[in-house]
């Protein structure tokens, strides 16, 4: 499979992010609406650009539709200085806490302006206090419900401050690993902890460094410009501190070379994995402490078991399987044959159907499942019945041109409040497959959310359940569901569950993958891509699947084009 240059995509995203923030700040400061719109239009235009923005000239930038002379000049300024003067000026006159308020889900810049100007709240702490004192609900256009939503969002943000998504931490951690290796070049260094175990949320970056000269290594770490030491927390065999730029906690354990493998295992496994007894009196901790080993595989071998991959070391049933040499052959990204659950310009995607398809084909995949938003999702340009038929006609034409590559006709159908899908049967039967997802009325209790999902799962047209809890990691909690009841319903109705690979979602949670597999439910690694760069998120879904023990055999989109085609056709034929 080919993959786009992740660094290039990230650099473009950084530039786009600055323009998005500028548009929000203009609206916050009640600037000319036409100017705000020009920035919003520029953001939409830049999101379609494939080539690196930092390599384009002023003339090339002006040639992009929706990017004028002024925006082009600002992109060049960002490339040179990392920012642009107008954004800096707005940030200077906006309290940092107010900028932070712009991140609160569900309230836009105009509401933030009211909170700032009318309540005088300049920090999120002051805003939280105003919510607790019932001051926000008294403001025009707010009310008790909005106040409660703001309060919950602030508490959630507070609780998650300083944490990063795995995808955000990945480049940072890799960069720091290379910097440590360069600073202490004679040492063996490895990234461990939450990153090596592929946890979805990262609270700390941990490294193990093998050296015969710990004092010298410690001094080298102290000299690194990226790091700040916490002298009280550090000691002769552990450097502790944080990243200078973000404040993310960092720990580097200094160990003798002969104990490197032992320390690798100790720092790359959960406490439950290490402490679980596998004989009457032996656990991995006692094995690791017994002697020095040359590799982690040797430690498991001396315990009489197969090597356990770091992402599986969570203290579930992996030791039992390792003792019986029955650990699963974990899914690899290269096993995937197609990409399902994607959006195009028919709804809220950035690229046309043809662009999404040809890009997918050029990455080496055999098929694409297009599943734009359905009609209820009007905010996301959801497809009305006429649009559905128009898109399906285009798919037929593209399939003739792109063969043997195939586009499957799908939809991401909204699950309504009563659990029904939002099209009549005559439209539902035109699709090859249907991803059923909840996007509205998210404030449900567990009983209601579970019942709503199960009703949708029991609909014979539902092929796949999309992002089961609707969570956005570090942004909002998902609605509570009884995972086992939902998985049981999928098993009974032969419904696939997606692992949504978007780094903010990673939903189905890896903790329930094993139960789904036990029940014979197939999982699909879906990027929910709204842009061709979204295809690269497939790898995060694979990591989630691997943590739960997912194999190629139980992954729906590891099936070939012919197998998927047959599956969809036979499933539809069974609908009475």
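In this note's numbering, the protein residues as written are 137 to 712.
Beta carbons are placed, not taken as given, at the ideal position from N, Cα and C, and that holds for glycine.
Fair warning: this is a prediction, and the values are worked out from it, not measured in the lab.
Of 623, 456, 245 and 708, the smallest CA-CA separation from residue 161 is found for 245. Taking residue 471 as the centre and dropping the five residues before and after it, the same chain places the C-beta of 688 and 694 closer than 6 Å to its C-beta, in chain order. Exposure of residue 291 is indicated by the presence of fewer than 16 other C-beta atoms within 10 angstroms of its C-beta.
Distance from residue 655 to residue 627 at the Cβ level is roughly 4 Å; contact confirmed, criterion being Cβ atoms closer than 8 Å. Look at residue 388 here: in three-state DSSP terms it is strand. In the three-state reduction of the DSSP assignment, residue 586 falls in the helix class, which pools H, G and I.
Where residue 710 is concerned, there is no enclosing alpha helix (DSSP H), because DSSP gives it neither an H nor an E.
Taking C-beta atoms under 8 Å as the contact rule, residue 477 and residue 664 qualify, at a distance of about 5 Å. In the DSSP assignment, residue 433 falls within the alpha helix (DSSP H) that extends over 432 to 438. Pairing residue 451 with residue 506 gives a Cβ-Cβ distance that is not under 8 Å. Contact between residue 521 and residue 571 is absent: CB atoms are separated by about 18 Å, not below the 8 Å threshold.
Residue state for residue 313 is assigned as helix, using DSSP reduced to three classes. The three-state reading of DSSP puts residue 503 in strand, counting E and B together. Look at residue 278 here: in three-state DSSP terms it is coil, with no helix or strand label. Short of 6 Å from the beta carbon of residue 648, and not among the five residues preceding or following it, lie these beta carbons of its own chain, in chain order: 619. For residue 414, no beta strand (DSSP E) segment is defined, and its DSSP state is neither H nor E. Where residue 252 is concerned, the enclosing alpha helix (DSSP H) starts and stops at 245 to 253. Between residue 197 and residue 211, the C-beta gap is smaller than 8 Å, which places the two residues in contact. Inter-segment contact for the segment 345 to 354 and the segment 310 to 320 is present: three or more beta-carbon pairs are separated by less than 8 Å.
Bridge partners of residue 565 according to DSSP: none are assigned.
A distance of 8 Å or more separates the beta carbons of residue 517 and residue 510. Spanning the alpha carbons of residue 560 and residue 674 requires a straight line of approximately 32 Å. Under the rule that a run must span 3 or more residues, the beta strand (DSSP E) segments found entirely inside the segment 319 to 404 read 324 to 328, 341 to 346, 363 to 365, 374 to 379 and 385 to 391. A Cβ-Cβ distance of about 5 Å is found for the pair residue 178 and residue 207, placing them in contact under the 8 Å criterion. In the three-state reduction of the DSSP assignment, residue 406 falls in the coil class, being assigned neither a helical nor a strand state. In this structure, DSSP gives residue 424 a helical state, which the three-state scheme calls helix. Using a C-beta cut-off of 8 Å, the segment 400 to 416 makes contact with the segment 430 to 444, since at least three inter-stretch Cβ pairs fall below that distance. When the beta-carbon positions are compared, residue 632 and residue 651 stay at least 8 Å from each other. Residue 512 carries a coil assignment under DSSP once its states are collapsed to helix, strand and coil. In summary, residue 266 is buried, with 16 or more beta-carbon neighbours lying within 10 Å of its beta-carbon over all protein chains present. Under DSSP, residue 546 shares a beta bridge with 569.
Bounds of the alpha helix (DSSP H) holding residue 215 are 205 to 217. Linking residue 191 to residue 209 through their CA atoms gives a straight-line distance of about 13 Å. Within 10 angstroms of the beta-carbon of residue 286 lie 16 or more other beta-carbons, which makes it buried.
A direct Cα-to-Cα measurement between residue 278 and residue 170 gives close to 26 Å. Around the beta-carbon of residue 148, 16 or more other beta-carbon atoms lie within 10 Å, marking it buried.
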